[in-house]
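In the order they appear, the protein sequences are chains A and B. At position 305 of the first sequence (counting the first as 1) the number is 305 in this note's numbering, and the numbers step up by one without a gap. At position 236 of the second sequence (counting the first as 1) the number is 236 in this note's numbering, and the numbers step up by one without a gap.
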Amino acid sequence: MTLLLTRPGDRRTSAAPPAWWRGRSAQGWLYAAPAAAVVGALFLAPLVLVAWMSLNRWPLLGPAALNAPGNYLKISDNPLFLDSVLFTLKYTAITTVLLSGLALGLALLVQERRPGVGFFRTAFFLPGAVGFAAAALLFYGMLNNDFGPVDPILQALGITDEPVKWTGTPDMALFSTIALVLWRFAGFNMLILLTGLQAIPVEVYEAARSDGANRWQIFTKITLPLLRPTIALMLILSVTGSLLAFDQFFIFTNGGPDNSTVSMVMVIYRDAFFRFDLGGAAALSVVLLVALVALNALQMRVLRRPE
Amino acid sequence: MRYYTTVSALAVLFLFPLVWSGWASLEEPGNYLEMARFGEGLDTYAANSVLVSAMTVTGTLVVSALGGYAFARFDFPGKNLLFLVTLAILMVPYATILIPLYVLLGYLGLQNSLTGLSLVFVMFQLPFALYMMRNAFEAVPRELEEAALVDGCGTFRVFLRILLPAVRPGLVTVGLFAFLASWNDFFAPLILLNDGSSFTLPVAVVNMTQRTFGAVDYGMLQAGVMVTAVPCLILFVVLQRHYVRGFMSGALRG
Numbered sequence: 001m002t003l004l005l006t007r008p009g010d011r012r013t014s015a016a017p018p019a020w021w022r023g024r025s026a027q028g029w030l031y032a033a034p035a036a037a038v039v040g041a042l043f044l045a046p047l048v049l050v051a052w053m054s055l056n057r058w059p060l061l062g063p064a065a066l067n068a069p070g071n072y073l074k075i076s077d078n079p080l081f082l083d084s085v086l087f088t089l090k091y092t093a094i095t096t097v098l099l100s101g102l103a104l105g106l107a108l109l110v111q112e113r114r115p116g117v118g119f120f121r122t123a124f125f126l127p128g129a130v131g132f133a134a135a136a137l138l139f140y141g142m143l144n145n146d147f148g149p150v151d152p153i154l155q156a157l158g159i160t161d162e163p164v165k166w167t168g169t170p171d172m173a174l175f176s177t178i179a180l181v182l183w184r185f186a187g188f189n190m191l192i193l194l195t196g197l198q199a200i201p202v203e204v205y206e207a208a209r210s211d212g213a214n215r216w217q218i219f220t221k222i223t224l225p226l227l228r229p230t231i232a233l234m235l236i237l238s239v240t241g242s243l244l245a246f247d248q249f250f251i252f253t254n255g256g257p258d259n260s261t262v263s264m265v266m267v268i269y270r271d272a273f274f275r276f277d278l279g280g281a282a283a284l285s286v287v288l289l290v291a292l293v294a295l296n297a298l299q300m301r302v303l304r305r306p307e
Numbered sequence: 001m002r003y004y005t006t007v008s009a010l011a012v013l014f015l016f017p018l019v020w021s022g023w024a025s026l027e028e029p030g031n032y033l034e035m036a037r038f039g040e041g042l043d044t045y046a047a048n049s050v051l052v053s054a055m056t057v058t059g060t061l062v063v064s065a066l067g068g069y070a071f072a073r074f075d076f077p078g079k080n081l082l083f084l085v086t087l088a089i090l091m092v093p094y095a096t097i098l099i100p101l102y103v104l105l106g107y108l109g110l111q112n113s114l115t116g117l118s119l120v121f122v123m124f125q126l127p128f129a130l131y132m133m134r135n136a137f138e139a140v141p142r143e144l145e146e147a148a149l150v151d152g153c154g155t156f157r158v159f160l161r162i163l164l165p166a167v168r169p170g171l172v173t174v175g176l177f178a179f180l181a182s183w184n185d186f187f188a189p190l191i192l193l194n195d196g197s198s199f200t201l202p203v204a205v206v207n208m209t210q211r212t213f214g215a216v217d218y219g220m221l222q223a224g225v226m227v228t229a230v231p232c233l234i235l236f237v238v239l240q241r242h243y244v245r246g247f248m249s250g251a252l253r254g
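Have a look at this one:
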């Protein structure tokens with residue numbers, strides 16, 4: 001939310017407003033009214049509703065009835081949800097580390113102007129323009145043992161000698177999903193880091209170089225500290241996005257094998273639309289919502305601490 | 001030289017899946033014909049996707065341009081509160097308010113409706129779009145409109161005639177982000193639409209993996225992937241500059 005701190009063009013004068021300015025308060029409201037209506041009806045109202053739903057027995061069809069705090073109490077009898085919390089945390093940790101590392105590597109590779117660098121930036125980002133659902137289906141075909149090209153290529157290169165069970169075991173399913181996520185999101189995160197890298201003035205590097213600093217020292221003593229706010233933003237986005245993972249597991253692994261790759265949001269979806277228990281799903285939503293808002297606030301405090 | 005070997009190898013890794021998918025979809029010419037006949041027919045799904053994207057882009061542009069104008073040029077009570085609440089949409093995980101939105105749209109008679117889905121997309125786009133448009137309007141020098149206002153020109157005419165043309169690059173960026181989000185999203189249409197004839201492309205193509213008649217037709221599936229992905233790839237390559245500007249402006253969470 002440092003977005004709020006910079007307001008280019010905010011030039012307020014202390015002089016009394018000229019004649020044509022009077023009555024502008026009402027006009028301002030009029031122009032902001034559509035935005036206020038959208039935010040009120042489609043953001044604030046559902047926030048209140050999800051809290052209210054979580055206090056009710058709320059079947060998909062039929063009348064609701066107050067049963068607080070039943071929906072919250074039964075979370076502890078929902079073993080699939082408890083497993084999904086652990087699994088989602090594990091997935092989030094691994095993905096965030098690998099994704100940040102890869103994105104940083106890519107950003108450093110393409111940060112300087114050289115011939116052809118624009119092409120490489122586009123190549124790394126291009127998967128990010130593909131919808132995540134389409135990307136998951138692409139990998140679903142690409143890693144299929146009978147149809148996909150990956151097994152024949154690996155065998156021709158002598159890396160494997162039989163088809164790999166890409167989604168056949170819990171560990172491999174997680175590994176393959178992470179490969180999909182890295183392919184789809186590395187370029188996006190690279191772009192975030194590039195904006196940060198390009199905000200570092202060239203003079204800072206020149207000064208360091210003339211003081212005799214080597215490349216490693218420049219990287220650790222100048223680039224990384226100055227990039228800190230950007231890295232913080234990337235980590236927040238990656239952690240939040242991973243904790244809310246749905247598409248990749250719903251489409252690519254379908255939660256399998258043996259429910260080993262069921263994410264938290266998948267359980268919410270299943271409770272709502274397969275068990276027809278909207279109240280229970282709302283309670284899980286509230287828990288996830290509170291946890292994520294708290295986590296976001298915490299991350300911002302820790303990571304954005306001024307130097 | 002080692003530099004170019006490394007980046008080229010990486011570029012091959014990143015581009016290979018796209019090239020393979022295109023090739024696999026074209027390997028048998030029947031793939032696209034099969035796909036065109038899948039379910040309710042490709043024309044239905046594509047028309048739904050185009051309609052949802054068009055409504056989302058239009059809605060986002062109208063709401064965020066008017067709102068951006070209000071935030072950049074007017075003072076009114078509740079201004080800061082409204083801005084903060086709009087940005088708070090970013091703090092609240094998307095997936096957690098879709099179930100109440102499903103119920104709420106039912107109250108409004110907009111369940112299983114492409115209009116309802118588009119309204120939800122407009123809401124999710126609003127923090128980025130409003131922030132972007134407010135900055136775009138603030139960057140326009142006030143002198144440009146003050147003369148017109150002193151001459152008695154109404155604020156809406158000033159907005160239409162003088163300011164909108166000046167913020168056109170911002171509108172393109174906002175429109176591009178709104179298009180990519182609404183065209184590609186899978187979770188919101190999965191929850192909010194429940195009738196095959198109203199599905200958008202991502203939901204329809206995912207349905208191709210449901211093995212109703214034996215094996216999954218992988219060639220057809222890749223044709224579906226291509227039909228969904230290619231418009232975005234083209235649009236991204238053409239409007240790349242605008243996309244990157246969306247990042248540069250600091251509004252990164254769109």
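Yeah, the Cβ is synthetic: ideal placement off N, Cα and C, and Gly gets one too. Bear in mind the structure is a predicted one, so any value in this text is a computation, not a measurement.
| Cα separation between Arg253 (chain B) and Glu162 (chain A)? | On the second sequence, residue 253 (chain B) is found 253 positions in, with the first residue counted as 1. On the first sequence, residue 162 (chain A) is found 162 positions in, with the first residue counted as 1. Because the pLDDT at Arg253 (chain B) is just 41, under 50, the model does not fix this residue reliably, and the point stays unresolved.
| task | Would you please verify whether the beta carbon of Asn207 (chain B) is less than 8 Å from any beta carbon of chain A? | result | As a working note, residue 207 (chain B) is residue 207 in the second sequence. For Asn207 (chain B), the answer is no, since every Cβ of chain A falls outside 8 Å of its Cβ.
| task | Leaving out five residues on either side along the sequence, give the residues of the same chain with a beta carbon under 7 Å from the beta carbon of Asp151 (chain A). | result | As a first step, residue 151 (chain A) must be located in the first sequence, where it is residue number 151. Spatial neighbours of Asp151 (chain A) in its own chain (CB-CB distance under 7 Å, excluding positions within 5 residues in sequence) are listed in chain order as Asn145, Pro163, Val164.
| query | Does the separation of the CB atoms of Pro34 (chain A) and Gly68 (chain B) fall below 8 Å? | reply | In the first sequence, the residue the question calls residue 34 (chain A) occupies position 34. In the second sequence, the residue the question calls residue 68 (chain B) occupies position 68. Using a Cβ distance threshold of 8 Å, Pro34 (chain A) and Gly68 (chain B) do not count as a contacting pair.
| task | Determine the contact status of Ile191 (chain B) and Tyr102 (chain B), defining contact as a CB-CB distance below 8 Å. | result | As a position in the second sequence, residue 191 (chain B) is number 191, starting the count at 1. As a position in the second sequence, residue 102 (chain B) is number 102, starting the count at 1. Yes, the pair counts as a contact, with Cβ atoms nearer than the cut-off.
| request: Measure how close the beta-carbons of Asn184 (chain B) and Phe132 (chain A) come, nearest whole angstrom, since I'm counting them as under 8 Å. | output: What you label residue 184 (chain B) is simply residue 184 of the second sequence in a count that begins at 1. What you label residue 132 (chain A) is simply residue 132 of the first sequence in a count that begins at 1. Between Phe132 (chain A) and Asn184 (chain B) the Cβ distance is about 7 Å, and since that is below 8 Å, they are a contact.
| Are Leu309 (chain A) and Ala93 (chain A) touching if we call contact CB-CB under 8 Å? | No information on residue 309 (chain A) is available, as it lies outside the stretch 1 to 307 that chain A covers here.
| query | Any residues in the region 268-290 of chain A with a beta carbon nearer than 8 Å to a beta carbon of chain B? Which ones, in chain order? | reply | Residues passing the 8 Å Cβ filter: Ile268, Tyr269, Ala272, Phe273, Leu278, Ala281, Ala282, Ser285, Val286, Leu288, Leu289.
| message | I'd like the list of long-range same chain contacts for Leu171 (chain B), defined as Cβ closer than 7 Å, with 5 residues on each side in sequence excluded. | response | Counting from one through the second sequence, the residue named residue 171 (chain B) turns up at place 171. Within the same chain, Leu171 (chain B) has close Cβ partners Leu61, Ala65.
| said: Would the region 36-54 of chain A count as touching the region 263-282 of chain A if we require 3 or more Cβ pairs under 8 Å? | reply: Short answer: they touch.
| Three-state class that DSSP yields for Leu89 (chain A) in the structure shown | Here residue 89 (chain A) corresponds to residue number 89 of the first sequence, with the count starting at 1. Correct three-state label for Leu89 (chain A): helix.
| said: When you compare the CB positions of Ala95 (chain B) and Phe187 (chain B), do they come within less than 8 Å of one another, or not? | reply: Here residue 95 (chain B) refers to the residue found at position 95 when the second sequence is read from its first residue. Here residue 187 (chain B) refers to the residue found at position 187 when the second sequence is read from its first residue. In this structure, Ala95 (chain B) lies near Phe187 (chain B), with their beta-carbon atoms less than 8 Å apart.
| message | Restricting to Cα atoms, I'd like to know which of B:Phe74, B:Phe83, B:Leu117, B:Leu81 is closest to Arg142 (chain B). | response | On the second sequence, position 142 is the one that residue 142 (chain B) refers to. Checked all of B:Phe74, B:Phe83, B:Leu117, B:Leu81; the closest Cα to Arg142 (chain B) is B:Phe74.
| said: Can you check whether the C-beta of Ala107 (chain A) is within less than 8 Å of a C-beta belonging to chain B? | reply: Walking along the first sequence from the start, residue 107 (chain A) turns up at place 107. Ala107 (chain A) has a beta carbon lying at 8 Å or more from every beta carbon in chain B.
| Coarse secondary structure for Asn56 (chain A), derived from DSSP in three states | One-based indexing of the first sequence puts residue 56 (chain A) at position 56. Taken through DSSP and simplified to helix, strand or coil, Asn56 (chain A) comes out as strand.
| query | So does the region 34-54 of chain B actually touch the region 218-230 of chain B, counting three or more Cβ pairs closer than 8 Å? | reply | Yes, the region 34-54 of chain B touches the region 218-230 of chain B.
| message | On the DSSP letters alone, give me the boundaries of the alpha helix (DSSP H) that Trp216 (chain A) sits inside. | response | Within the first sequence, residue 216 (chain A) is the residue found at index 216, counting from 1. Boundaries of the alpha helix (DSSP H) harbouring Trp216 (chain A): 215-218, taken from the DSSP string.
| task | Determine, using beta carbons only, whether Met91 (chain B) and Val293 (chain A) come nearer to each other than 8 Å. | result | Your numbering for residue 91 (chain B) matches position 91 in the second sequence. Your numbering for residue 293 (chain A) matches position 293 in the first sequence. In this structure, Val293 (chain A) lies closer than 8 Å to Met91 (chain B) by Cβ.
| field | Nearest candidate by alpha-carbon position, reference Gly274 (chain B), set B:Trp20, B:Val120, B:Leu164 | value | What is shown of chain B runs 1 to 254, which leaves residue 274 (chain B) out entirely.
| request: Tell me, please, whether the region 102-112 of chain B touches the region 145-162 of chain B by the rule of three or more beta-carbon pairs shorter than 8 Å. | output: Contact annotation: the region 102-112 of chain B does not touch the region 145-162 of chain B, with fewer than three C-beta pairs closer than 8 Å.
| Closer than 8 Å at the beta carbon, the chain B residues around Thr122 (chain A) | Translated into the one-based positions of the first sequence, residue 122 (chain A) becomes position 122. Under the 8 Å cutoff, chain B gives Val237, Gln240.
| said: Taking the straight line between their C-alpha atoms, what separation do you get for Ala65 (chain A) and Leu130 (chain B)? | reply: For this step, residue 65 (chain A) is matched to residue 65 along the first sequence. For this step, residue 130 (chain B) is matched to residue 130 along the second sequence. C-alpha separation (whole angstroms): 39 Å.
| field | C-alpha distance - Arg215 (chain A) paired with Gly101 (chain A), whole-angstrom precision | value | Start at 1 with the first residue of the first sequence, and residue 215 (chain A) comes out as number 215. Start at 1 with the first residue of the first sequence, and residue 101 (chain A) comes out as number 101. C-alpha separation (whole angstroms): 18 Å.
| message | Which residues in chain B have a C-beta closer than 7 Å to the C-beta of Val265 (chain A)? List them in chain order. | response | Against the first sequence, residue 265 (chain A) aligns to sequence position 265. Chain-ordered, the chain B residues with CB closer than 7 Å to the CB of Val265 (chain A) read Ala95.
| Closer than 8 Å at the beta carbon, the chain B residues around Asn296 (chain A) | Here residue 296 (chain A) refers to the residue found at position 296 of the first sequence. Met91, listed in chain order.
| Straight-line gap, Tyr3 (chain B) to Val52 (chain B) (C-alpha atoms, nearest Å) | Mapped onto the second sequence, residue 3 (chain B) falls at position 3. Mapped onto the second sequence, residue 52 (chain B) falls at position 52. Roughly 44 Å separates the two Cα atoms.
| task | State the beta-bridge partners of Asp277 (chain A) as determined by DSSP. | result | By 1-based counting over the first sequence, the position of residue 277 (chain A) is 277. Answer by DSSP bridge pairing, in chain order: A:Pro59.
| request: Starting from Asp247 (chain A), find everything on chain B with Cβ-Cβ shorter than 8 Å and list it in chain order. | output: Locating residue 247 (chain A) in the first sequence gives position 247, counting from the first residue. Those are Phe186, Phe187, listed as they occur along chain B.
| query | alpha helix (DSSP H) containing Leu15 (chain B): first to last residue? | reply | If you number the second sequence from 1, residue 15 (chain B) lands on position 15. Run containing Leu15 (chain B): 2-27, per the alpha helix (DSSP H) assignment.
| Three-state secondary structure (DSSP) at Leu66 (chain A)? | Against the first sequence, residue 66 (chain A) aligns to sequence position 66. Reduced to three states, the DSSP call for Leu66 (chain A) is strand.
| query | Of all Cβ atoms in chain B, is any one closer than 8 Å to the Cβ of Trp29 (chain A)? | reply | Residue mapping note: residue 29 (chain A) aligns to position 29 of the first sequence, counting from 1. Judged by the 8 Å Cβ criterion, Trp29 (chain A) is in contact with chain B.
| request: Measure from the alpha carbon of Gly39 (chain B) to the alpha carbon of each residue in B:Arg134, B:Phe137, B:Thr209, then state which is nearest. | output: Here residue 39 (chain B) is taken as the residue at index 39 of the second sequence, counted from 1. Residue B:Thr209 is the option with its Cα nearest to Gly39 (chain B).
| message | Counting only beta-carbon separations shorter than 8 Å, does Asn144 (chain A) have a partner in chain B? | response | In the first sequence, counting from the first residue as 1, residue 144 (chain A) sits at position 144. With 8 Å as the cut-off, Asn144 (chain A) counts as an interface residue toward chain B.
| task | Please name the residue, chosen from B:Phe177, B:Leu201, B:Asn194, B:Val227, that lies closest to His242 (chain B) on a Cα-to-Cα basis. | result | Within the second sequence, numbered from 1, the residue matching residue 242 (chain B) stands at position 242. Residue B:Phe177 is the option with its Cα nearest to His242 (chain B).
| query | Is Pro165 (chain B) buried or exposed, if buried means 16 or more other CB atoms sit within 10 Å of its CB? | reply | Along the second sequence, read from residue 1 onward, the residue named residue 165 (chain B) stands at position 165. Exposed.
| task | Assign Arg24 (chain A) to one of three DSSP states: helix, strand, or coil. | result | Translated into positions along the first sequence, residue 24 (chain A) becomes position 24. Residue state, collapsed to three classes: helix.
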